[in-house]
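Chains as they are written, first to last, in the working numbering: chain A, 1 to 82; chain B, 83 to 345; chain C, 346 to 907; chain D, 908 to 1042; chain E, 1043 to 1569.
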């Protein structure tokens, strides 16, 4: 863990991701949609493998619930200037 | 109980130990946050049980911060319940107040209020009276966690969509002491939209409650559309406690999320 | 959507330069299409493709375009910023454009090289990357590099061969040196060596020469029996608090530091039955050789004793050379002594050492290979060994067993690493910035390292690393001022409420708390621009120049538009 | 040091939320919703929470102003009110009370609206008094 | 409001029309959403898909100005299905037959044709509202700011009487009053036709009463409304206006006319807390104290009279409005020497029956809801309990009339104006508050994606809005919250003043201008 270019950056990130996964899960967004993997610039193959695996996991989970939440009859109503 | 509080405050005021006491006062037919400076005013002092227990609680620590920022040399007394005292401890950690500027006068909460709040410790350590209630389970949190992911999602999105972006949850919160707030950062949450971007607005606030929220429930009471914010921030506190073994207001020092080493 | 704060509207004039890099990029994606696409992006007034942007012609191209089209942003899409970012930034600067209004996009290593067989998608990805860069360039703000004064003095910690060599090099360059050595006398490991390979020169002779030279130099101040208690200040302006020989604390201000505290040979009780009499280590053998007479008739040496195993996984790389050197010296003192070296692999790197190995074989020194799964067992009479090729147990009677144990890091090394905030690898050796590109630097500027404290080194290597570290110090202290990048954090004094949330998050201790104003402040020189404070600050008071929320979000939004 | 929390009603919409204005040494520094008010029970909208921001804005009008050849000059109360009084009297005499109109306001208190309509009816003698409830 | 704000929580069906409740009356929306949580059916009928529409059980978007048609259609279904409250109609109303005849020619198919609302939705609204235990109606300027404003309100009254949802807790016809003391200003007789407490100026005994109380000769001629005063200034029949706390240049329709009128006046006096566009045209400007700098009372939308208290002194020489007027009155020979606002309230209570029992001392605590005739009367939570003020409730036979102005080739789109959540009316106060201007500080015109694409407009573009009366420049906001053919603009921003465009056509009876409907053209502005 200690080999972060900025000494402890990765430690801080590790904690935050651990926290965020739980919070997302609580509001109903699957924790698997957030993933953290330590990859150094030398580990290209691991990087490719990880991303591919992540994409497959997401495909299995289906579209993000935030997108699905759009009720059919409700217009995009993206912007309601109060 | 009120007599004991009045007695204690009288002692502090007459002894000149404090310049004023931030408490609650029966004024204009309402319960008002008030700075008592004369002993004579003390017979209007109330503890915030207007019609039923704890229904007129105010973020007195926030007034204390305003006073401290204007008069850093002065010492003030403040009426505290269990949650307010946790607030004070946490505000010391976040360097917004210092113990030498504050004298807390504590009162315990009744069981009925403790249950309604699901409060872990419904009594302050230095209190004018013995605790009269034990800690209660966070029922709302348990109920919510019992639901499946899909159900939780629908419920939260539904309540979040009612939000009218009044920033009341932030403006009432005794632990929100920043001058400029990230919620008003256009790049993070586009401004001028009501409801604000869901769920980004509410999750950003929840993240900022990590290592800070003392579970006092004032956000719930300030939300005009009754979003169960307290349940959300109780979950935040629960995660910080289970994952990092830290409870704001209980444990010394900053939460592991705000410290670099691998604690 | 609405409610943007009024920003003074500066008309954006962005120039985009797409590099072919010969065929490195053009060979695998359609640079012409990317250039045409770039020209359509908002704010872009000039887009040009060229063969080699980093060439003389390429640089001129940029400079002329800046003047002719009055560009106020430049984006170069080419190779990795590591290679040519300074070059491009300086060329912008000389053309009158603030170097921080420059944005570089890597469409070679991150695009053409990794998507060689997929030209169409590589082109699309290059367009995405260019669009992101242009989006961010729009929000770049001009910055000024940060300048600070330099103290032309150097602190050297450790008085062994590496430290002394560094001191010698620095002194010869005219820089004042403050040398701090923990023991009473200088010399370090060299003191107890007998002969120095490969020429077999007498160690003490080398030692005296070095110590004489360094202590005679007027601009070298030596503290023996002393220790660095603490270090304040920052690169260019350190203050060493040294506890000197008499226990007083002395303050010495220096510009840079060289760490050369060396390492210690592993002496492990019971390792292969080590008892210090009949089973000793190479280091314990050196004084015996010094006496000039040697009576043991049968000597067995065991290589990789306590190394390349589970406890210590690394190869100490110099013990093979030491074993062969001592074996040859034993042969010189008593030619008929039978010497057998049990080894796993002979690490005799370099031409002289290879030659040494052949000479040793010539002198009848026998080399036996062993399989780490069945290491040799030292009985009280003989050493039993399972010969991997024959598959049979064989025995060698012995009078003396010499274990070649590895050099291990000193215990007080971790204390020094905490004090200097410099990293160590898992074996306790100091971690250099980059094995190839910056071997004698630490990641933190201004602190350098040499000798076995970095990794076990021979005398020659320690010496050359010492001199090398001195040269590295020169690259900093021979400028009239220290210029550090402007990409550092800043804290808005109006909105900071002094909650110190950022202070404990700074790995470099660059944030301090101002008591009266009750706010936090960034020491721009110490700050390395990691952004931990910006990420933690709840009220966006702390931000990292060049990576402000607006700049990052514009990039993210640009990717979404793809 | 003087610290007050004053209970009042919001000047914006018709809900009539109650809140306390935090006043420290004569400066309004904050707004706290009144928890025991039957109308808003401790809640406010974004305008209510920030109502203290405009009260001591430097652009507040502080002196009577009289227009003179195209621009305004500051004047005392006596001069200004005497001018208004005399002009109103003159117009009332020349064109009759019904040539004068008064705009009451939904932004001022009941007492003030009462006084304005009384002024229109008893002093000017006209029923030309209206306010933007109509709009 | 006939009922109280908290009573919305008790309704099991709430019909909201012409009110962007979560935006203009957020704390009322609190109660409505609580009712929804308890299972109440929330119906929203509004041309613009406002935020509360997203939270409603049923949202219908009727064409601008077709409110009467929609409501008549709903009442047709109620009568057709026999869901009306026969007992209530017989016992407490009159004029039903007349009314019923008119309703007969508003069958759902025809109404769907006029309003664009689907027949089945009309039936659902009728069913939910009529068969509810306690149905309540909430409406705002969307209903009133039409040339058929009075018709709209009377039709709502018809609907309530038809179903007996009036005079009981959790029911009623509830206008959400826009400003903090607009109810109070009306109560206090700030209207040309009534003295305080809605006592008509034309009635002899009333005039007598006030003449003896005030010791002055009073006129029994109904005075002019603001629009009439504006035209009076233009024609020259009006010479002087004394404006207190108002900004007509921005809040009145057809702003260019208003400006012209003010310029023609011999005397314009403006009494306000900030310099406003209207004040700039005044001859004399008098600095007033704002809400936080005066003691007094205000009356909110649920008729609750509450105390405002002085938190700090007014800036510079500014004084409270009543002090200024009293001083002026003394200078004009009519003595007015009130020592405090409380003293004025005593005088009000003595002359206004509905405020009879109101004193400062009794207002401590929760305030009092008028009518509160005597000192021991507890105030009235909801009106029309057993009988209407006039005795029997009168049904009004009202036909649908289209808006005054219609679109044509030159002005093909409908414009409706309204409020934004982050600002308030002419922005005199909200545009001085950083927290609010930080959210939004410029005029955005909302238009439907289809219209936008036809005109080649996308969000953020500068556009020109032109009506028969003028032109403004604003930014476009493309959103499908607006139907095809309709655009929305707010009236908070003087630099892009929607009231330059609005049509000064008035409701014949109350003279309220038709802010909600006028015809405009939209073009992309040359950048």
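A virtual CB, placed ideally from N, CA and C, is assigned to each residue, including glycine.
Keep in mind it's a predicted model, so treat the numbers as computed, not measured.
| Item | Value |
| --- | --- |
| Within 7 Å (strictly less), CB to CB, does residue 259 (chain B) reach chain C? | yes |
| Is the CB of residue 1100 (chain E) under 7 Å away from at least one CB in chain B? | no |
| Can a CB atom of chain B be found closer than 7 Å to the CB of residue 844 (chain C)? | yes |
| Taking 7 Å as the threshold (C-beta atoms), are residue 896 (chain C) and residue 484 (chain C) in contact? | yes |
| Look at the alpha carbon of residue 965 (chain D) and the alpha carbon of residue 60 (chain A), and state the distance between them as a whole number of angstroms. | 60 Å |
| Would you mind sorting residue 1246 (chain E) into buried or exposed? The rule is 16 or more other CB atoms within 10 Å of its CB. | exposed |
| What residues match up with residue 1555 (chain E) in a beta bridge as DSSP calls it? | E:1548 |
| At least one CB of chain B closer than 7 Å to the CB of residue 65 (chain A): is that the case? | yes |
| Against chain B, does residue 1068 (chain E) count as a neighbour if the rule is that its beta carbon must be under 7 Å from one of theirs? | yes |
| Does any CB atom of chain F fall closer than 7 Å to the CB of residue 914 (chain D)? | The chain labelled as chain F is not found among the protein chains of the depicted structure, namely A, B, C, D and E. |
| What separation, rounded to the nearest whole angstrom, lies between the Cα atoms of residue 248 (chain B) and residue 275 (chain B)? | 11 Å |
| Thinking just about the alpha-carbon of each residue, which of C:620, C:453 and C:514 is nearest to the one in residue 815 (chain C)? | C:514 |
| Cα separation between residue 333 (chain B) and residue 20 (chain A)? | 22 Å |
| Please list the partners that residue 521 (chain C) has in chain B, where partner means a Cβ-to-Cβ separation under 8 Å. | By Cβ distance, chain B contributes nothing, its closest Cβ being about 36 Å from residue 521 (chain C), past 8 Å. |
| Hey, quick one: how far does the beta strand (DSSP E) through residue 1282 (chain E) stretch, first residue to last? | 1282-1286 |
| With 16 as the cutoff for other CB atoms within 10 Å, does residue 466 (chain C) come out buried or exposed? | exposed |
| In chain B, which residues lie with their C-beta within 9 Å of the C-beta of residue 1481 (chain E)? | 247, 266, 273, 274, 275 and 276 |
| Would you please verify whether the beta carbon of residue 307 (chain B) is less than 7 Å from any beta carbon of chain E? | yes |
| Can you give the Cα-Cα distance for residue 1443 (chain E) and residue 1015 (chain D), rounded to whole angstroms? | 36 Å |
| On the DSSP bridge list, what partners appear for residue 575 (chain C)? | C:586 |
| Using a C-beta to C-beta distance shorter than 8 Å, which residues of chain C count as neighbours of residue 12 (chain A)? | 850, 877, 880 and 881 |
| Identify each residue in the segment 1046-1077 of chain E for which the Cβ-Cβ distance to at least one residue of chain B is less than 9 Å, and report them in chain order. | 1064, 1065, 1068, 1069, 1071, 1072, 1075 and 1076 |
| Taking the alpha-carbon positions, what's the residue 204 (chain B) to residue 188 (chain B) distance? | 11 Å |
| Per DSSP, residue 602 (chain C) forms a beta bridge with which residues? | C:500 and C:792 |
| Write down the C-beta distance between residue 478 (chain C) and residue 450 (chain C) rounded to the nearest angstrom, noting that I regard them as a contact closer than 8 Å. | 4 Å |
| Using 7 Å as the threshold, is the C-beta distance between residue 488 (chain C) and residue 831 (chain C) below it? | yes |
| Measure from the C-beta of residue 968 (chain D) to each C-beta in chain E and report whether the shortest distance is under 7 Å. | yes |
| Can you tell me which of the three DSSP states residue 1324 (chain E) falls into? | coil |
| Could you check whether the Cβ of residue 1399 (chain E) sits closer than 7 Å to any Cβ belonging to chain B? | no |
| Exposed or buried, what is residue 353 (chain C) when buried is set at 16 or more other beta-carbons lying within 10 Å of its beta-carbon? | Any reading at residue 353 (chain C) is ruled out, since the residue's pLDDT is 49, under 50, leaving its predicted position unreliable. |
| Hey, how far is the Cα of residue 1457 (chain E) from the Cα of residue 1188 (chain E)? | 13 Å |
| According to the Cβ coordinates, are residue 1241 (chain E) and residue 1341 (chain E) closer than 7 Å? | no |
| What are the start and end residues of the beta strand (DSSP E) that includes residue 390 (chain C)? | 389-395 |
| For residue 613 (chain C), I'd like the list of residues in its chain whose CB is within less than 6 Å of its CB, leaving aside the five on either flank, ordered along the chain. | 651 |
| Identify, in the order they occur along the chain, each residue of the same chain with its Cβ nearer than 6 Å to the Cβ of residue 507 (chain C), setting aside the five sequence neighbours on each side. | 605, 795, 796, 807, 810 and 811 |
| Label residue 1220 (chain E) either buried or exposed according to how many other C-beta atoms from any shown protein chain fall within 10 Å of its C-beta, with 16 as the threshold for buried. | buried |
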